[in-house]
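Number of protein chains: 2
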Amino acid sequence: MTHFGGLVRARREALRRGDRSYSLRQVAARVGIEPAYLSKIERGDVAPPSEATTCRLARELGEDPDVLLALAGKVSSDLKEIIRKRPRLFAELIRQLKEAPDDAILRVVREVRDGDW
Amino acid sequence: MTHFGGLVRARREALRRGDRSYSLRQVAARVGIEPAYLSKIERGDVAPPSEATTCRLARELGEDPDVLLALAGKVSSDLKEIIRKRPRLFAELIRQLKEAPDDAILRVVREVRDGDW
DNA sequence: TGTCATGTGTCATATATACTATACATATGT
DNA sequence: ACATATGTATAGTATATATGACACATGACA
Chain A
121 MTHFGGLVRA RREALRRGDR SYSLRQVAAR VGIEPAYLSK IERGDVAPPS EATTCRLARE
181 LGEDPDVLLA LAGKVSSDLK EIIRKRPRLF AELIRQLKEA PDDAILRVVR EVRDGDW
Chain B
121 MTHFGGLVRA RREALRRGDR SYSLRQVAAR VGIEPAYLSK IERGDVAPPS EATTCRLARE
181 LGEDPDVLLA LAGKVSSDLK EIIRKRPRLF AELIRQLKEA PDDAILRVVR EVRDGDW
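Chains as they are written, first to last, in our numbering: chain A, 121 to 237; chain B, 121 to 237.
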């Protein structure tokens with residue numbers, strides 16, 4: 121399992137090959153954090169940043185925020201909000217799907233998307 | 121919307137009508153926290169307790185932990201864990217179901233339960 | 001009427017979270 | 001060779017989170 125910082129560094133260096141502006145310092149500046157902090161994040165020297173910072177970072181790097189948040193050990197607060205509003209229902213559904221294979225879940229997603237209620 | 125402490129107090133006092141051992145002090149002792157702390161929790165004088173404490177409290181009061189956690193503004197960490205393992209899939213599913221009526225979600229739950237994969 | 005239990009007010013604190021600021025050594029481009 | 005940019009080491013800090021300890025007033029009960 122790749123750690124958070126590893127992915128960030130890999131993505132940043134990949135982008136940098138085509139664009140000089142993806143140096144640690146410049147990315148840090150655009151994301152709104154100190155370079156020293158980003159450096160530590162990329163090397164796993166500190167815990168992954170807050171949800172807000174993680175999302176700005178994902179955006180900057182063209183990564184999926186949910187994936188980056190997951191690597192940070194977090195779940196997007198908008199998802200949490202949805203669950204919190206109907207805890208029993210969502211808790212049961214999610215636990216039900218714990219062992220389900222990807223394609224089974226995808227089937228459900230599509231079904232729900234196309235379903236008319 | 122009832123607040124966390126309100127529900128806890130209501131539940132505790134309800135139980136207490138049939139069982140003297142549901143005093144604030146005794147419940148606190150069984151749950152493993154200080155009475156003063158439980159008092160403040162019930163009156164909303166402090167933020168709801170940690171996930172672990174909330175779950176022990178739910179257990180003691182015969183409440184659904186997911187519901188109590190939701191009132192505490194949290195989502196059970198085992199649910200988060202499930203989502204974190206397949207963030208894209210679950211994120212899409214949950215957002216898809218945001219506006220779905222309860223019975224539509226229930227239908228999905230049943231379908232998944234009975235589904236064979 | 002004294003003892004014990006009840007709920008609560010006040011103060012204190014440990015730990016985690018989420019960073020900033022400064023300074024420095026090395027590398028790069030001109 | 002020199003100015004500038006790069007990544008990093010070290011130290012510090014603000015805020016939130018999650019409680020504990022102790023004292024006190026009131027009420028029940030025997």
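Each residue gets a CB set at the ideal place from its N, CA and C atoms; glycine is no exception.
Source: prediction; values computed, not measured.
Straight across, the Cα-Cα distance linking residue 183 of chain B with residue 181 of chain A is about 43 Å.
Taken through DSSP and simplified to helix, strand or coil, residue 201 of chain B comes out as helix. Judged by pairs of C-beta atoms under 8 Å, the stretch 132–146 of chain B does not touch the stretch 165–175 of chain B, as fewer than three such pairs exist. Sequence-distant Cβ neighbours of residue 124 of chain B in its own chain, meaning closer than 6 Å and more than five residues away, are 168, 191 and 192. Distance between residue 214 of chain B and residue 151 of chain A, taken at the CA atoms: about 28 Å. What residue 225 of chain B touches in chain A, judged by beta-carbon distance under 8 Å, is 206, 209, 210 and 213, going in chain order.
Rounded to whole angstroms, the separation of the alpha carbons of residue 211 of chain A and residue 199 of chain B is 7 Å. Distance from residue 153 of chain B to residue 173 of chain B at the Cβ level is roughly 6 Å; contact confirmed, criterion being Cβ atoms closer than 8 Å.
Annotation: residue 159 of chain B to residue 132 of chain B spans about 12 Å, alpha carbon to alpha carbon. Using a 10 angstroms sphere on the CB of residue 205 of chain A, the tally of other CB atoms stays under 16, which defines it as exposed. Using a Cβ-Cβ cut-off of 7 Å, residue 127 of chain B does not count as an interface residue toward chain A, since no Cβ of chain A sits closer than that to its own. A residue is called buried when at least 16 other Cβ atoms come within 10 angstroms of its Cβ; residue 186 of chain A meets this threshold and is buried. Nearest to residue 135 of chain B by C-alpha distance, out of B:179, B:164 and B:157, is B:179.
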